[in-house]
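Worksheet: one structure, shown below.
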Amino acid sequence: MAEKNPFFQSKEVKEFTKKIEQYHLGPLWEAIPDLMHKEPRPEAVPYLWKGETIRKLLLEATQIFTPERGGERRAIYLQNPGLKQRQPWGWASTTNTLYAAVQLILPGETAPSHRHTQNAMRFITDGKGAYSIVQGERLFMEEGDFLITPGGLWHGHSHPGEGPMFWMDCLDIPFIYATGGTFFEPYPDGIEPPSLPDDYSARKYRGGMVRPIGDRKPQVAPLGLYKWKQTEAALEGLSDFEPDPYDGIAVEYINPSNGQTANPNIGAWMQKLPVGYHSKAHRHTYSAIYHVFKGEGYTVINGIRFNWTKGDYFVIPNWAWHEHVNTSKEDALLFCANDLPIMEKLRLQREEAYPNNNGYQSVVGEFEAEVVRS
Numbered sequence: 001m002a003e004k005n006p007f008f009q010s011k012e013v014k015e016f017t018k019k020i021e022q023y024h025l026g027p028l029w030e031a032i033p034d035l036m037h038k039e040p041r042p043e044a045v046p047y048l049w050k051g052e053t054i055r056k057l058l059l060e061a062t063q064i065f066t067p068e069r070g071g072e073r074r075a076i077y078l079q080n081p082g083l084k085q086r087q088p089w090g091w092a093s094t095t096n097t098l099y100a101a102v103q104l105i106l107p108g109e110t111a112p113s114h115r116h117t118q119n120a121m122r123f124i125t126d127g128k129g130a131y132s133i134v135q136g137e138r139l140f141m142e143e144g145d146f147l148i149t150p151g152g153l154w155h156g157h158s159h160p161g162e163g164p165m166f167w168m169d170c171l172d173i174p175f176i177y178a179t180g181g182t183f184f185e186p187y188p189d190g191i192e193p194p195s196l197p198d199d200y201s202a203r204k205y206r207g208g209m210v211r212p213i214g215d216r217k218p219q220v221a222p223l224g225l226y227k228w229k230q231t232e233a234a235l236e237g238l239s240d241f242e243p244d245p246y247d248g249i250a251v252e253y254i255n256p257s258n259g260q261t262a263n264p265n266i267g268a269w270m271q272k273l274p275v276g277y278h279s280k281a282h283r284h285t286y287s288a289i290y291h292v293f294k295g296e297g298y299t300v301i302n303g304i305r306f307n308w309t310k311g312d313y314f315v316i317p318n319w320a321w322h323e324h325v326n327t328s329k330e331d332a333l334l335f336c337a338n339d340l341p342i343m344e345k346l347r348l349q350r351e352e353a354y355p356n357n358n359g360y361q362s363v364v365g366e367f368e369a370e371v372v373r374s
């Protein structure tokens with residue numbers, strides 16, 4: 001980090017700075033200390049949203065908003081308090097680069113098809129019977145399933161089943177917005193009609209880590225639906241071995257045709273924290289958004305304890321020290337969406353282990369989550 005020079009506070013410098021600003025010019029000699037830090041200083045802050053709060057508000061929204069009244073989706077996004085100053089709408093930023101939301105669809109409802117430059121993914125948290133239709137393929141969703149919609153693909157949702165259905169959305173909206181690369185197009189006839197057998201890609205890849213020989217050439221989305229049973233089996237297989245000291249027992253969702261991340265700009269994995277597990281702390285340049293799929297425990301982020309239970313969401317900004325602890329009597333399961341692919345493509349990815357106290361942070365405070373006030 002460049003040092004700030006006291007001389008720059010002099011009358012002579014201030015007057016010259018003011019002079020060049022009228023020509024829409026700026027003084028690099030003054031700007032460098034604020035623009036080039038020694039290490040990342042994200043504006044995003046650690047935060048935790050209670051699942052019960054989001055669920056109550058979404059159910060309340062069903063009395064106000066329906067797809068027939070306009071709009072695209074019934075979804076409430078996780079607005080990071082440190083990024084609310086971004087205009088418009090805080091860029092819908094959960095981290096510096098990623099948006100996350102919880103979406104609710106009721107039986108009989110249909111969310112129209114559209115496509116956009118943003119990449120999207122979904123993790124199903126509650127319910128069954130609804131489907132997403134992506135490029136003509138209806139993907140029927142169940143709890144624990146993971147779905148992808150890379151940018152540019154038609155996609156919509158409908159619920160012919162019973163009971164409300166909730167899922168987590170994650171898109172790279174802030175990243176695409178910042179680059180000025182946003183394009184959006186509604187489907188001309190409401191929801192796209194099927195042109196492939198239902199769950200075609202999931203059935204084609206039901207063998208797991210084997211692929212049809214016809215998919216040897218890289219494709220953007222050869223597998224649109226990753227079934228929970230296969231993810232669970234993969235976690236069980238890894239459970240025969242020692243967990244990773246930082247992430248527990250974790251598997252990543254990948255594109256089976258090229259071995260890369262399932263979505264081009266968004267990484268995703270499922271982490272299992274065994275009973276009594278306490279990870280060591282580390283930090284990295286990618287940011288992460290977590291959903292607690294099962295269990296309870298806490299995560300220490302920069303010395304602050306964030307207690308979580310099933311259904312909660314929390315965010316770890318980039319370059320923040322963090323460690324996870326499972327306090328329940330069963331394995332805890334955490335779904336993670338992150339911007340690791342972006343950082344790797346930009347050659348910005350770095351990672352560090354916490355150097356003190358045998359890798360564990362000292363807890364200096366506890367986060368108090370907001371709850372719905374009656």
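Under UniProt numbering, the sequence shown has 241 at position 241, and the numbering climbs by one with no breaks.
All residues carry an ideal CB built from backbone N, CA and C; glycine is no exception.
> Is it buried or exposed for M343, if we count other Cβ within 10 angstroms and need 16 for buried?
Replying inline: M343 is buried by the Cβ-count criterion.
> Is Q260 helix, strand or coil by DSSP?
Replying inline: Collapsing the DSSP output to three states places Q260 in coil.
| request: For the beta strand (DSSP E) holding T17, just list the boundary residues, first then last. | output: T17 -> not in any beta strand (DSSP E); alpha helix (DSSP H) instead, spanning 11-21.
| task | Note down, in chain order, each residue of its chain lying with its Cβ closer than 7 angstroms to the Cβ of W228, except the 5 sequence neighbours on either side. | result | Around W228, the same chain offers E142, E143, G144, D145 as residues with beta carbons nearer than 7 angstroms, after the five sequence neighbours per side are excluded.
Q.
Between Y298 and T261, how many whole angstroms is the CB-CB distance? I'm expecting something under 8 angstroms.
A. With 8 angstroms as the limit, Y298 and T261 do not qualify as a contact, their Cβ atoms being about 28 angstroms apart.
For this session: Going by DSSP, name the residue or residues bridged to residue 375.
Result: The question about residue 375 has no answer, for the chain in this structure spans 1 to 374.
Is the beta carbon of Q271 closer than 8 angstroms to that of A250? For A250 and Q271, yes; Cβs fall inside 8 angstroms.
Assign H24 to one of two classes, buried (16 or more other C-beta atoms within 10 Å of its C-beta) or exposed (fewer than that). Burial is judged here by how many other beta carbons sit within 10 angstroms of a residue's own beta carbon; H24 has fewer than 16 and is exposed.
**Message:** With H, G and I counted as helix, E and B as strand and the rest as coil, what does DSSP make of F367?
**Reply:** Coil, per DSSP.
**Asked** Is it a yes or a no for the segment 269-283 touching the segment 323-341, going by three-plus beta-carbon pairs under 8 angstroms?
**Response** Output reads yes: the segment 323-341 touches the segment 269-283.
Just tell me which of K84, V45, K128, Q22 has its CA closest to the CA of S287. Comparing Cα positions, the closest option is V45.
Practice prompt. Pair every Cβ in the segment 118-132 with every Cβ in the segment 145-163, then say whether three or more of these pairs are closer than 8 angstroms.
Written response: As far as the Cβ criterion goes, the segment 118-132 touches the segment 145-163, which means the pair count is three or higher.
- Using a Cβ-Cβ cut-off of 6 angstroms (strictly less than) and excluding sequence neighbours within five positions of G82, which residues of its own chain qualify? Residues E43, A44, V45 of the same chain have their beta carbon placed closer than 6 angstroms to that of G82, with the five preceding and five following residues left out of the count.
3-residue-minimum beta strand (DSSP E) runs that sit fully inside the segment 274-330, ordered along the chain: The segment 274-330 contains these whole beta strand (DSSP E) runs: 282-284, 288-294, 297-301, 304-308, 313-316, 322-326.
Practice item. Label M1 either buried or exposed according to how many other C-beta atoms from any shown protein chain fall within 10 Å of its C-beta, with 16 as the threshold for buried. Key: Confidence in M1 is poor, its pLDDT being 49 and thus under 50, which makes the residue's placement unreliable; the coordinate value appears in the next sentence. For M1, the number of other beta carbons within 10 angstroms of its own is below 16, and it is reported as exposed.
If distances are taken between C-alpha atoms only, which option among R122, L340, E137, H157 comes closest to Q147?
One point to set straight first is that residue 147 is Leu, not Gln, in the sequence displayed. From the listed residues R122, L340, E137, H157, the smallest Cα separation to L147 is found for R122.
Handout entry: With 16 other Cβ atoms within 10 Å as the buried cut-off, status of I173
Key = With 16 or more Cβ atoms within 10 Å of its Cβ, I173 is classed as buried.
Requested in this report: Report buried or exposed for E192, applying the criterion of at least 16 other Cβ atoms within 10 angstroms of its Cβ.
Outcome: With 16 or more neighbouring CB atoms inside 10 Å of its own CB, E192 falls in the buried class.
Next item on the list: Could you check how far apart the C-beta atoms of Q118 and R74 are, in whole angstroms? I think they sit under 8 angstroms.
Entry: The Cβ separation is near 18 angstroms, so there is no contact.
Hey, would you say P341 sits closer than 8 angstroms to P274, going by beta carbons? The answer is no: Cβ separation not under 8 angstroms.
- Message: Beta-carbon within less than 6 angstroms of Q230's beta-carbon, same chain only, minus the 5 sequence neighbours each way: which residues are those?
- Response: Sequence-distant partners of Q230 (beyond 5 residues in either direction) whose C-beta falls short of 6 angstroms from its own C-beta, in its chain, are G208.
With DSSP as the reference, identify every bridge partner of K272, one or two as the case may be. Residue pairing of K272 in beta bridges, as defined by DSSP: I249, L333.
Run of the beta strand (DSSP E) containing P33, from where it starts to where it stops: In the DSSP assignment, P33 falls outside any beta strand (DSSP E) and within the unbroken alpha helix (DSSP H) covering 28-35.
Problem set entry | R70 in three-state terms, based on DSSP | Per the sequence presented here, residue 70 reads as Gly, with Arg not at that position. Secondary structure of G70 (DSSP, three-state): coil.
Could you pull the start and end residues of the beta strand (DSSP E) that M121 belongs to? Taken as a continuous stretch (DSSP letters only), the beta strand (DSSP E) holding M121 covers 120-126.
Item checked: Length-filtered (4 minimum) alpha helix (DSSP H) runs lying within the segment 186-249 -> The DSSP assignment places complete alpha helix (DSSP H) segments of no fewer than 4 residues inside the segment 186-249 at 200-204, 228-238, in order along the chain.
**Request:** Measure the alpha-carbon distance for F7 versus P40 and round it to whole angstroms.
**Result:** Roughly 26 angstroms separates the two Cα atoms.
Relative to the alpha-carbon of I76, which residue among C170, R347, R211, E368 has its alpha-carbon at the smallest distance? It is C170.
Buried or exposed for residue 375, please, with buried defined as at least 16 other CB atoms from any protein chain shown within 10 angstroms of its CB.
Residue 375 is absent from the model: the chain starts at 1 and stops at 374.
Beta-ladder partner(s) of T97, from DSSP: Paired residues: none, contrary to the question.
Coil, strand or helix - M1 by DSSP
Residue placement at M1 cannot be trusted, given a pLDDT of 49 that sits under 50; the coordinates are not used to answer.
DSSP three-state call for Q361: helix, strand or coil? The three-state secondary structure of Q361, taken from DSSP, is coil.
Q. Below 8 angstroms between beta carbons: does that hold for S93 and H155?
A. Contact: no.
| said: Please report the distance separating the alpha-carbon of A233 from that of G26. | reply: If I take the Cα positions, the gap works out to 57 angstroms.
#### Entry: For I54, three-class secondary structure by DSSP
When DSSP states are grouped into helix, strand and coil, I54 belongs to the helix group.
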